Amino acid sequence: MADDKGLTPRADDFSAWYNEVVQRAELADHSPVRGSMVIRPWGYGIWERMQRALDDRFKETGHENAYFPLLIPMSFIEREKEHVEGFKPELAVVTHAGGKELEEPLVVRPTSETIIYSMYAKWVQSYRDLPLKLNQWANVMRWELRTRLFLRTSEFLWQEGHPAHATEGEAEEETRLMLDVYRTFMEEWIAMPVVTGLKSESEKFAGALRTYTCEAMMQDGKALQAGTSHNLGQNFSRQFGLTFQSEAGAEEFAWNTSWGVSTRLVGGMVMTHGDDTGIVVPPRLAPVQVVVVPIYRKEAERTAVVEKAHELAGRLRERDVRVRVDDRDHLNPGAKFWEWERKGVPFRIEIGPRDLAKEQAVLVKRVQGEGEERKAFLPENQIVAELAEHLEAFQRQLLERARARREARSHRGGETLDELREILEGPGGFVYTGWSGDPAVEERIKEETKATLRCIPDPAFRSPQAPTRCIGGGEARMEVVWARAY
RNA sequence: CGGGGCGUGGCGCAGCUCGGUAGCGCGCCUGCUUUGGGAGCAGGAGGUCCCGGGUUCGAAUCCCGGCGCCCCGACCA
13 MADDKGLTPR ADDFSAWYNE VVQRAELADH SPVRGSMVIR PWGYGIWERM
63 QRALDDRFKE TGHENAYFPL LIPMSFIERE KEHVEGFKPE LAVVTHAGGK
113 ELEEPLVVRP TSETIIYSMY AKWVQSYRDL PLKLNQWANV MRWELRTRLF
163 LRTSEFLWQE GHPAHATEGE AEEETRLMLD VYRTFMEEWI AMPVVTGLKS
213 ESEKFAGALR TYTCEAMMQD GKALQAGTSH NLGQNFSRQF GLTFQSEAGA
263 EEFAWNTSWG VSTRLVGGMV MTHGDDTGIV VPPRLAPVQV VVVPIYRKEA
313 ERTAVVEKAH ELAGRLRERD VRVRVDDRDH LNPGAKFWEW ERKGVPFRIE
363 IGPRDLAKEQ AVLVKRVQGE GEERKAFLPE NQIVAELAEH LEAFQRQLLE
413 RARARREARS HRGGETLDEL REILEGPGGF VYTGWSGDPA VEERIKEETK
463 ATLRCIPDPA FRSPQAPTRC IGGGEARMEV VWARAY
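In our numbering, the protein residues as written are 13 to 498.
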């Protein structure tokens, strides 16, 4: 932020650009506690839109919301072996309360499997009580060593779905279904294309049988794990005595799943669509989809133009467009243009004295597509009639643009470690290779290239030709995606 | 925890080498003129110079000891 006005260009320093743009779009700010953030209204408004869209889908797929408490007995976290190993280093622990040392320390939840499934154990007796499909919207805390606004903060907001099922097959189906809900949401709402697939053993959730993931590619070519869906098998039900009597009368352990997405998605949105002017918010997520900026010189003009601006806004609102009139008098129009572009509002309508008589206005799009004019002088009526379509088209355009960017940086057909390194140190992005499944190879690649195995992609994302050769030697038993990641 | 950088009005910084009690840009307030891409002029408000100790007649500046934040690596949604 050398000169108060311009942002550091993405190409100069992507990381600096991200930090600046998040603050200057007023999405969030650092709180006084290291590693935690304040989500400001503009950022929270985007998160609220995400929440609503996801919550609707959760309900449609048969889930209900509930709320489980923030504090979890330490012994609960310790119950599942892999789980505790995964989370121990990042737990925040309450040791004192009410002026006394507690007999048993309480953990600020890093995730809620343990408390939720322990409660399920009380509630579930029969197969008739299953499936029990609950979700909660909550904050969680993981004491991270290195933090960044939205991408990794010690406290973050998320949703965690924690169903219990009667059969293994049902649990697997649920795991896949919710992964698909996430993928669709990310594409259709955030306009952020993702590759879905299975995590390797070393990358899976602590305590899960299998973890499925949505991996997005940011503009710097790095991967962002945007959402995960876990098949927990019976690991937690065994530890918490979550049993039920089956139709045949036998006592069985329930099959659990868990799935979550977090405020990290806001960071994903920023790094997917932002440009050197600021962030770009996809229309479906934008708290304000259109800002109307009145332009005037004399007082008489001001009255007429502002009145017209509000009238236009009213007509747009009737068509369910989220619109705001920026009639602040102490800023000139140019300052308002910059401000709303920085904040990523999809469209702007400029209306001034010259437009009034002609019953027209200027419609300006946040991102200029190839071969299109950014500004259009259009009759008022046409703007009102067509704006919803423009918003939808813009939404689609963002997804297409992001998808094209990802494809341009998806490298297929590489086989050797040197090729992998060359790509990562050059253009960056996703590298598809064959893999034998040997964890030692995965570990070595991670050490030597800093890239991790992002996923074993689902069929829809595999290369047209299955790789025959294999990175790190051995027989190519599957195709995998490598990338440096956030 | 290792490496680097930085703590000075709300924000970004200068001043520190060579001690003399604080300045610039932006922002903010008031007024007038402006307003189709980041307004101009005039006036004004606002600072425990991160904290503690020391040296000195005198410390933002020198010395000692803390604390905090940011960035880069090892761990992770």
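For each residue, glycine too, the CB sits at the ideal point set by N, CA and C. Nothing here was measured: the structure is a model prediction, and the numbers come from that model.
Counting only runs of 3+ residues, the beta strand (DSSP E) found wholly inside the segment 191-249 occupies 206-210, 222-229, 235-245, in chain order.
Burial is judged here by how many other beta carbons sit within 10 angstroms of a residue's own beta carbon; G346 has fewer than 16 and is exposed.
The segment 265-284 makes contact with the segment 170-182; the number of CB pairs closer than 8 Å reaches 3 or more.
Within the same chain, and ignoring the five residues on either side of K145 in sequence, the residues whose Cβ sits closer than 6 Å to its Cβ are G74, H75, P175.
Looking at the DSSP output, R415 sits in no beta bridge, so it has no partner there. In this structure, A40 and G55 form a Cβ contact; the two beta carbons are roughly 5 Å apart against a cut-off of 8 Å. Nearest in C-alpha terms to E460, of all of R52, L432, I468, E90, is L432. Counting C-beta atoms within 10 angstroms of its own C-beta, N393 has fewer than 16 neighbours from the protein chains shown and is therefore classed as exposed.
For H108, no alpha helix (DSSP H) segment is defined; the enclosing uninterrupted segment is the beta strand (DSSP E) at 104-109.
Residue state for I483 is assigned as coil, using DSSP reduced to three classes. Pairing A178 with L236 gives a Cβ-Cβ distance that is not under 8 Å. Under DSSP, G446 takes part in a beta bridge, and its partners are E491. Listed in chain order, the alpha helix (DSSP H) runs fully inside the segment 43-101 are 53-72, 86-91, 93-99, counting runs of at least 4 residues.
When beta bridges are read from the DSSP output, R421 appears opposite no residue. DSSP, read as helix, strand or coil, puts Q409 in helix. Going by DSSP, L368 is part of no beta strand (DSSP E) but of the alpha helix (DSSP H) stretching over 365-370.
Assigned with DSSP and collapsed to three states, V374 falls in strand. The DSSP-derived three-state label of K387 is strand. Assignment of I361 by DSSP, reduced to helix, strand and coil, places it in the strand class. As computed with DSSP, W267 is found in a beta bridge with H177. Listed in chain order, the non-local C-beta contacts of E353 below 7 Å within the same chain comprise T289, G290, R378, local neighbours out to five positions each way being set aside. Membership of Q35 in the alpha helix (DSSP H) is indicated by the continuous run 26-36. The alpha helix (DSSP H) runs of length 4 or more contained entirely in the segment 110-136 are, from start to end of the chain, 125-135.
Of R331, A37, K112, T107, the smallest CA-CA separation from L83 is found for T107. Across the set C482, R489, K458, G484, the C-alpha of K458 shows the shortest separation from the C-alpha of R496.
In the displayed model, V396 falls within a helix according to three-state DSSP. Contact check for L163 against R36 fails: the beta carbons are separated by 8 Å or more. Under DSSP, F162 takes part in no beta bridge, so it has no partner. Counting only the Cα atoms, A420 lies some 11 Å from M229. For T464, the uninterrupted beta strand (DSSP E) run begins and ends at 464-469, by DSSP. Under the three-state reduction of DSSP output, A150 falls in the strand class. In the three-state reduction of the DSSP assignment, L157 falls in the coil class.
Under the Cβ criterion (8 Å, minimum of three pairs), the segment 298-314 counts as touching the segment 357-365. Collapsing the DSSP output to three states places V453 in a helix. Residue environment: D24 is assigned as exposed (fewer than 16 neighbouring CB atoms within 10 Å of its CB, all protein chains considered). Three or more beta-carbon pairs drawn from the segment 276-285 and the segment 200-217 are found closer than 8 Å, and the two stretches are therefore classed as touching.
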